[in-house]
Amino acid sequence: MQLLIELSLIYIIGGTFGWILELIYRRFAHRRWINPGFLVGPNLPLYGTGVVALYLLCNGDYSFLPSPVWRTVFLIVLITLTMTAIEYVTGLYFTKRENVKLWDYSDRWGNVDGIICPLFSAIWGLIGTGYLFFVHAPLKEAAHWIGSNTEFSYFVGAYFGIMAVDVCYSFGVVGKIRTFAKEQKLTVRYEEFKNFIRQKAEEWQEKTSFILAFKTGAKPLREVLEKYFEEMEERRELRRENRRRKRSGKQ
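Counting from 1 along the sequence shown, just add 32 to a position and that's the residue number in my numbering.
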């Protein structure tokens with residue numbers, strides 16, 4: 033029971049801080065506040081699961097390696113591979129099952145299905161290394177203390193109860209997007225579509241909701257999806273035309 037509370041708390045910390053990190057990134061990248069991730073609330077399951085994985089890996093026994101240096105190197109490599117695997121499995125599920133891309137690395141060198149790439153695997157390795165040296169020890173101590181005080185289990189239970197409602201709502205929204213995407217044999221870039229909704233709301237002078245990022249005002253979601261794909265295709269065609277002109281100019 034204590035271990036379950038500890039791991040649940042670590043998930044909450046990882047998911048919440050990951051959400052804050054991605055929120056700040058989107059503020060600078062898109063110059064507007066966009067609620068990041070799949071869920072509505074301040075929780076990114078990829079980060080929460082990742083931090084739980086980091087916690088368990090750093091608690092592992094690697095005494096089969098005689099050198100402390102090689103133990104550290106082995107652990108960092110293991111962390112990098114594990115985090116990349118979590119990212120790939122998550123991305124693959126949503127791309128293949130839900131016709132949705134939560135992120136897209138298609139323009140990155142060495143990418144696999146646009147879901148993982150060497151650059152972000154290296155970033156995961158750096159994050160894991162920082163966790164190992166600076167975060168794991170104090171987090172382990174704090175989690176153990178909270179796990180020993182069972183009254184915190186009520187908070188953990190309430191959090192996951194709210195999260196269950198959030199998951200049901202979010203999958204309902206994704207279900208609507210998936211239906212349209214499968215009919216059109218297309219894949220929706222989740223974050224791009226969120227940003228598109230915000231842009232169009234400003235153009236149409238409609239109110240937007242930070243929490244309910246797919247709230248499309250008076251227009252049905254399907255109509256906004258049609259407009260999204262229409263404009264995205266126009267942009268892709270413009271980029272293709274620009275590339276053709278550049279190649280013609282070089283020749």
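Ideal Cβ positions, reconstructed from N, Cα and C, are used throughout, including at glycine.
Beta-carbon spacing of residue i, residue j below 8 angstroms
i, j, result
"I229", "A245", "yes"
"A85", "M115", "yes"
"A175", "E38", "yes"
"R140", "L158", "no"
"F203", "L257", "no"
"V199", "L71", "yes"
"F261", "Q231", "no"
"L253", "K214", "no"
Opening and closing residue of the alpha helix (DSSP H) in which residue i lies
i, result
"W177", "168–180"
"D139", "Looking at the DSSP string, D139 is not in any alpha helix (DSSP H), and its letter there is neither H nor E."
"P150", "150–162"
"Y94", "Taken as a continuous stretch (DSSP letters only), Y94 belongs to no alpha helix (DSSP H), as it is neither H nor E."
"F192", "184–216"
"S40", "34–62"
From the options, residue whose alpha carbon lies closest to that of residue i
i, options, result
"H62", "V109, D198, N227, R129", "N227"
"N143", "G189, T240, G123, E130", "G123"
"I42", "W177, R129, T104", "W177"
"G69", "I243, S95, L171, E273", "I243"
"P170", "C90, R254, V109, S99", "C90"
"I118", "L97, D93, F106, W156", "W156"
"P77", "K214, G207, W51, T248", "W51"
"L107", "R64, L164, N131", "L164"
"Y201", "S185, V167, G179, K247", "K247"
8 angstroms contact criterion, which residue i and residue j should meet: CB distance rounded
i, j, result
"Y120", "I148", "5 angstroms"
"G160", "T112", "6 angstroms"
Cβ contact (3+ pairs, closer than 8 angstroms) linking the region 73–83 and the region 35–47
The region 73–83, when compared against the region 35–47, does touch it at the 8 angstroms Cβ threshold.
With a cut-off of 8 angstroms, do at least 3 Cβ pairs link the region 209–224 to the region 128–138?
The answer is yes - the region 128–138 touches the region 209–224, with three or more Cβ pairs under 8 angstroms.
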